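Beneath this line is the structure, given in structure tokens, with notes to follow.
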Amino acid sequence: MQNPNRTKNRVPTDRELTSLRAIASRKEELSNSINAQLSEAQATYDEIMVRHEMQMAVLESIQSELHAAKQHADVLQAHKAIVDNDRNDIRAVLHPIRRMPVETLRHIFEETVDISPRTKWWQATQQSHVCQYWRIVALNAPTLWTRIAVDFRKSTMAITEYWNWAMKRVKAVPVDVHFINFGGKLETHTAEWEQNESQLRKVAACSLLQIPAIRKLSIDVDSTCSTPEAFAMITEFPTGRLERLRLSGPDDESVSEIMSWDWSGFLHRFPPLTFLQLEFLDVLSFSQLKPFSALQDLYIGPSTEFDTLELLRLCPKLERLTIQAGRASYTSHQTHAPVTIPTLNFLDISEESIFSWDTPLHFSSLSTLKFAPESGNPPDDFFRFLTNHPSISDLDLYMYQLDLTRLATAAPQITKLTLSFDEGSLDGLLDWTMTSLQGPAFPQLEILDLGHIVLELGEFDRFIQRRCLPATHERSELPNGLLPLQKWIVNLPKGYVGSQFLAEATHMGKKGNHMTSLSWL
């Protein structure tokens with residue numbers, strides 16, 4: 001609706017005039033009231049503005065003082081750092097360690113350097129950079145420079161410079177030498193023959209003849225090169241002492257061995273070894289009958305297959321044999337003369353390894369045997385092997401289905417037993433009358449390690465009564481003629497605080513993250 005008061009050429013009526021005059025009067029009164037309030041508000045604003053300007057002046061003066069004080073403090077702090085550095089330099093020169101005898105200082109260096117191969121050389125280098133006196137001492141401390149690692153994917157110049165630098169520091173103390181990516185070819189457009197020439201120059205630059213004594217030599221073949229091709233590049237072999245040799249082919253399945261390789265001739269070019277580790281080398285073959293007369297410890301790693309009799313005949317003084325995910329073959333349909341190694345005392349076949357237990361082998365001194373069968377359960381030939389080796393006293397065995405009766409029958413002489421299994425019962429250890437055994441299982445057992453097996457609380461206490469408590473204990477149920485366990489390593493059951501005998505243990509110590517070692521003797 002339009003406002004008629006906005007029409008200027010309209011003549012109002014008498015009643016309209018009376019009403020409009022009253023309304024206009026009230027609006028005038030309201031306008032005068034607002035004017036009064038505006039005057040009061042403006043006066044208040046003017047007063048506050050004056051106080052604000054005064055406070056801003058005070059704040060500006062405070063900020064000026066604050067900035068000046070901060071600038072002065074920063075200057076003093078910087079000057080203090082310079083003074084402290086000068087003071088520390090002077091103190092370092094005056095420190096008694098600067099004037100210590102050479103032998104004392106060398107001993108300190110050798111004891112404080114980290115033994116980790118990754119940091120040892122770096123820390124030794126830092127010590128040699130402190131002062132000229134320390135540099136002479138550090139460079140003449142041979143145990144500081146016992147780790148050399150060469151990556152053959154680096155340039156020839158870098159490898160040569162590093163090798164020459166290392167050779168100046170190597171003394172008569174045996175060192176560890178590690179060749180990484182040995183024989184590796186770079187992904188470039190360079191012709192293959194040029195890359196081969198480059199690799200040969202790198203190998204020639206790292207002459208092992210320059211090192212008088214090597215504790216361990218490790219060679220890891222690069223994934224771009226076959227194992228025979230890489231090892232054929234080695235033309236200079238160490239002539240000094242070499243204690244341990246580790247050879248590893250590429251763990252890349254795409255690399256195929258395209259050359260035959262005579263491991264006998266290659267290995268005999270090294271000095272006599274006491275330790276040999278072979279892994280990722282496909283199939284090992286030995287054409288020569290010359291034995292490894294000094295070899296005491298043999299480790300066969302993953303993806304490496306060998307003929308058991310062929311290799312072990314060459315190791316007459318072997319003391320330890322470890323096969324981790326390797327494969328030991330034996331042609332059982334042929335008749336072979338047995339191999340006897342009287343010095344072998346440790347045999348470890350684990351991590352999905354394959355071993356032919358029917359191989360005609362005899363280890364008269366074998367005391368420790370570790371076996372984790374690939375199929376989950378040991379074959380029949382394994383139990384016959386146990387029976388034929390009564391010298392075994394320490395047995396570490398994983399079985400999917402525990403056959404304790406058969407195990408105790410094959411090796412009753414065990415004094416230390418480590419068991420891991422998924423299914424089965426330990427009743428044979430507790431009540432032999434329920435089995436076909438002629439007496440208690442493992443009557444000479446001293447140490448029992450049950451791995452990660454968890455017993456119920458009732459089984460836990462029953463086991464303590466039957467095999468752990470000495471016969472003099474009033475609640476002992478130890479069979480006649482049986483000695484209690486000297487040590488029982490087990491997972492404590494749920495609610496173990498409710499055990500009747502745990503509080504009486506004479507020894508209770510942690511073993512690893514979850515295991516507990518117990519004894520009541």
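By full-length UniProt numbering, the letter at position 97 of the sequence shown is numbered 97, and the numbering carries on one by one without gaps. Note that beta-carbon positions come from the ideal geometry of N, C-alpha and C, so glycine has one too. In this text the structure is predicted, and so the values were computed from the model without any measurement.
Starting from the Cα of residue i, find the closest Cα among the options and give me that residue.
i, options, result
"residue 530", "Ser39, Tyr398 and His389", "Given a span of 1 to 521 for the chain in the structure shown, any question on residue 530 remains unanswerable."
"Leu209", "Asp222, Gly240 and Leu200", "Gly240"
"Arg313", "His362, Thr405 and Arg475", "His362"
"Ser226", "Leu284, Cys315, Gly183 and Asp262", "Gly183"
"Thr387", "Pro373, Tyr400, Gln401 and Gln413", "Gln413"
"Phe355", "His389, Phe306, Ala43 and Pro342", "Phe306"
"Gly458", "Phe382, Leu445, Thr435 and Lys494", "Lys494"
"Leu521", "Arg467, His268 and Gly498", "Arg467"
"Ile341", "Ile323, Arg327 and Pro316", "Pro316"
"residue 535", "Trp165, Thr368 and Tyr330", "Because the chain here runs from 1 to 521, residue 535 falls outside it and cannot be looked at."
"Phe266", "Thr274, Leu247 and Asp251", "Leu247"
"Ser155", "Pro360, Ile62, Leu94 and Lys202", "Lys202"
"Leu144", "Tyr162, Met157 and Ala166", "Ala166"
"Leu483", "Ala41, Arg26, Leu430 and Pro443", "Pro443"
For residue i and residue j, I'd like the C-alpha separation in whole angstroms.
i, j, result
"Phe280", "Gly301", "7 Å"
"Thr224", "Leu298", "27 Å"
"Asn181", "Arg244", "19 Å"
"Trp488", "Ala505", "11 Å"
"Lys216", "Leu450", "36 Å"
"Lys370", "Asp394", "8 Å"
"Gly439", "Ala471", "17 Å"
"Gln296", "Leu321", "8 Å"
"Leu59", "Lys70", "16 Å"
"Gly509", "Val177", "40 Å"
"Thr335", "Leu347", "24 Å"
"Asp86", "Met54", "49 Å"
"Asp220", "Val150", "11 Å"
"Ala68", "Val75", "11 Å"
"Leu417", "Leu445", "7 Å"
"Val170", "Asp427", "60 Å"
"Asn3", "Ile34", "25 Å"
"His72", "Ile82", "16 Å"
"Arg384", "Leu404", "15 Å"
"Met49", "Ala22", "41 Å"
"residue 586", "Leu20", "Outside the modelled stretch of the chain, which goes from 1 to 521, sits residue 586, for which no answer is possible."
"Trp261", "Glu229", "9 Å"
Spatial neighbours of residue i within its chain, please: CB distance less than 6 Å, with the 5 preceding and 5 following residues excluded, ordered by chain position.
i, result
"Pro12", "none"
"Leu518", "Trp488, Ala505 and Met508"
Just to check my reading of the structure: residue i and residue j have Cβ atoms closer than 8 Å, yes? What is that Cβ distance to the nearest angstrom?
i, j, result
"Leu344", "Ser375", "Going by Cβ atoms, the distance from Leu344 to Ser375 rounds to 25 Å, so no, they are not a contact pair."
"Ala205", "Ile159", "6 Å"
"Ser499", "Phe460", "6 Å"
"Leu311", "Ala294", "The Cβ separation is near 16 Å, so there is no contact."
"Thr409", "Leu437", "7 Å"
"Phe463", "Leu502", "Going by Cβ atoms, the distance from Phe463 to Leu502 rounds to 12 Å, so no, they are not a contact pair."
Determine, for residue i, whether the minimum Cβ-Cβ distance to residues of chain B falls below 8 Å.
i, result
"Tyr45", "The structure shown contains no chain B; it is built from a single protein chain."
Once the 5 residues before and after residue i are set aside, which same chain residues still bring their CB inside 8 Å of it?
i, result
"His514", "His452 and Asn491"
"Ile214", "Pro174, Val175, Asp176, Val177, Leu208, Pro238, Gly240, Arg241, Leu242 and Glu243"
"Gln401", "Gly376, Asn377, Phe421, Asp422, Glu423 and Gly424"
Might you give, ordered along the chain, the residues of its own chain that have their beta carbon closer than 7 Å to the beta carbon of residue i, omitting 5 neighbours on each side?
i, result
"Pro212", "Ala172 and Gly240"
"Met434", "Asp427"
"Ala325", "Gly301, Pro302, Glu351, Glu352 and Ser353"
"Lys290", "Ser264 and His268"
- Task: Report yes or no: do three or more beta-carbon pairs, one from the stretch 284 to 299 and one from the stretch 229 to 236, lie closer than 8 Å?
- Result: no
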